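Shown next, in C-alpha cells, is the structure this report addresses.
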Amino acid sequence: MADLLPYQYALIGLIFVWSGFVRSGLGFGGAVLSLPFLLLVHNDPLVFLPLIAMHLLFFSSLTIALNNRRQPSGSPKRAGTVDWRYLGRILGIMIVPKLIGVLGLLTLPGNIMSIIIFVIVAAYSLSYISNRPFRSNSRVVDTLFLMLGGYVSGTSLIGAPLIIAVAAQHLAKEQFRDTLFALWFILVTIKMAAFLYAGVDLQLIHHLWLLPCAAIGHLIGLRAHTHIMHAETPVFFRVLGGVLLTVSAIGIWSMLQD
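So for the sequence shown, the working numbering puts the first residue at -8; every next one is plus one.
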C-alpha cells in the first residue's frame, strides 16, 4: 500500500468506516460488503484481508466482552449473548473445509482469487435483490452450507451469508450477533496464523489510521444494531444488493481486461 495515491488512501479509509458499520450493525459483512470496493481501489486481496482480519479480532472480542461483563451483585441474572454449545457444533463441521480454503488462498494467483470473490459477492447480491437469502431446510443442507461457508471463509473471509443461512434458524435473536462474532474470531485466528506462517505482510503500519476509521463505523453500527433488532429492512438489503452487483460486474470486467 506504500505506492498508492492520496485519493486511494481516502477511499480505503471510507470503506473501512463502512466495514466497521456493517460488522457491528449486522454481526457480519465486514469483509463481504467491503472487499469488492477495496479491490476496485487496489486489486490485491492479500493486502486487505490481514487488515480486515485484525479489525474483526479486535472489535468482536471487545463487543463480546462488554456485553458479557460481570453484573453487579443483586441484579437479575441474564443469559449470555453467545450460544457456546451451538458454536462448538458448527465449528466441528467447518474446521476442515476452513483449513483447505486457507491453503487455496495462499496458492491461487491474485487475479483468479479476485474474480472468485467478485463472483461469490454477485451471487450474494442477487439473493439480497430478490429478497430470497440463502436458506437451509434440512440437516444435510445445513452441513453442506456450513462446509462451503467454511471453505469460502478460508479463501477470502466472505463465507458469512452461507453460514448465516444455517445459524439464523438455530440461534435466538439476542444471541445471533455475538455468537457470530465468536465464530468469526476463531476462524480469523486460524487465518492469521496461516498469514504469519506464510510470511504475508500484515500491513501493521496502516492499522494506525485504519483502526480509527473502523472504530467510527463500529460505533455508528452499534446504534444501528438496536434499530435492526426491532425491524426488518428488506429495502436496505435490496439497495445494498444492487450496489454490490454493480461493483462485482465492474470488478469482473476489469479483471478480464487484464
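We put the beta carbon where it would ideally sit given N, CA and C, even for glycine. None of the values given here were measured: they were computed from a predicted structure.
Hey, Pro41 and Gly242 are a contact pair by Cβ (cut 8 angstroms); roughly how many whole angstroms apart?
-> Wrong, their Cβ atoms sit about 20 angstroms apart, outside the cutoff.
Of the residues Gly141, Arg214 and Val132, which one's Cα is nearest the Cα of Gly18?
-> Cα-wise, what sits closest to Gly18 is Arg214.
Which of the three DSSP states, helix, strand or coil, is assigned to Ala22?
-> Ala22 sits in coil when the DSSP states are folded into three classes, being neither helix nor strand.
Range covered by the alpha helix (DSSP H) that runs through Arg168 = First-last of the alpha helix (DSSP H) with Arg168: Lys164 to Ala189.
Classify Trp200 as buried or exposed, calling it buried when 16 or more other Cβ atoms lie within 10 Å of its own Cβ.
-> Exposed.
Assigned exposure category for Ala184 - 16 Cβ within 10 Å defines buried = With fewer than 16 Cβ atoms within 10 Å of its Cβ, Ala184 is classed as exposed.
What's the C-alpha gap between Ala240 and His33?
-> Cα-Cα distance, rounded: 16 angstroms.
If we ignore side chains and look at the alpha-carbon of each, how far apart do Ala44 and Val179 end up?
-> When rounded, the distance between both Cα atoms is 6 angstroms.
Near Met138, what residues of its chain come up, given a Cβ to Cβ distance below 7 angstroms and the 5 sequence neighbours on each side ignored?
-> Correct list, in chain order: Ile84, Met85 and Pro88.
What are the start and end residues of the alpha helix (DSSP H) that includes Gly141?
-> Per DSSP, Gly141 belongs to the alpha helix (DSSP H) from Arg130 to Ser147.
Apart from the five residues just before and just after Ile211, which ones in its own chain have a Cβ nearer than 7 angstroms to its Cβ?
-> So the qualifying residues of the chain are Phe12.
Taking buried to mean at least 16 other C-beta atoms within 10 Å of its own C-beta, is Leu57 buried or exposed?
-> Around the beta carbon of Leu57, fewer than 16 other beta carbons sit within 10 angstroms, so the residue counts as exposed.
Return the Cβ separation of Phe322 and Ala205 in integer angstroms, given the expectation that the two are a contact with Cβ distance under 8 angstroms.
-> Look at the range of the chain in this structure, -8 to 249, and you will see that residue 322 is not part of it.
Taking the CB atoms as reference points, tell me whether Thr170 and Leu82 lie closer together than 7 angstroms.
-> Not a contact, by the Cβ cut-off of 7 angstroms.
In angstroms with no decimal places, state the Cα-to-Cα distance between Val73 and His216.
-> One alpha carbon belongs to Val73, the other to His216, and they sit about 16 angstroms apart.
Residue closest to Gly16, alpha-carbon to alpha-carbon, out of Leu195, Arg168, Leu148 and Gly190 = For Gly16, the nearest C-alpha among the options comes from Arg168.
So, helix, strand or coil for Gly92, using DSSP?
-> Note: Gly92 maps to helix in three-state DSSP.
Could you give the distance in angstroms between the alpha-carbon of Leu5 and the alpha-carbon of Val234?
-> Linking Leu5 to Val234 through their CA atoms gives a straight-line distance of about 16 angstroms.
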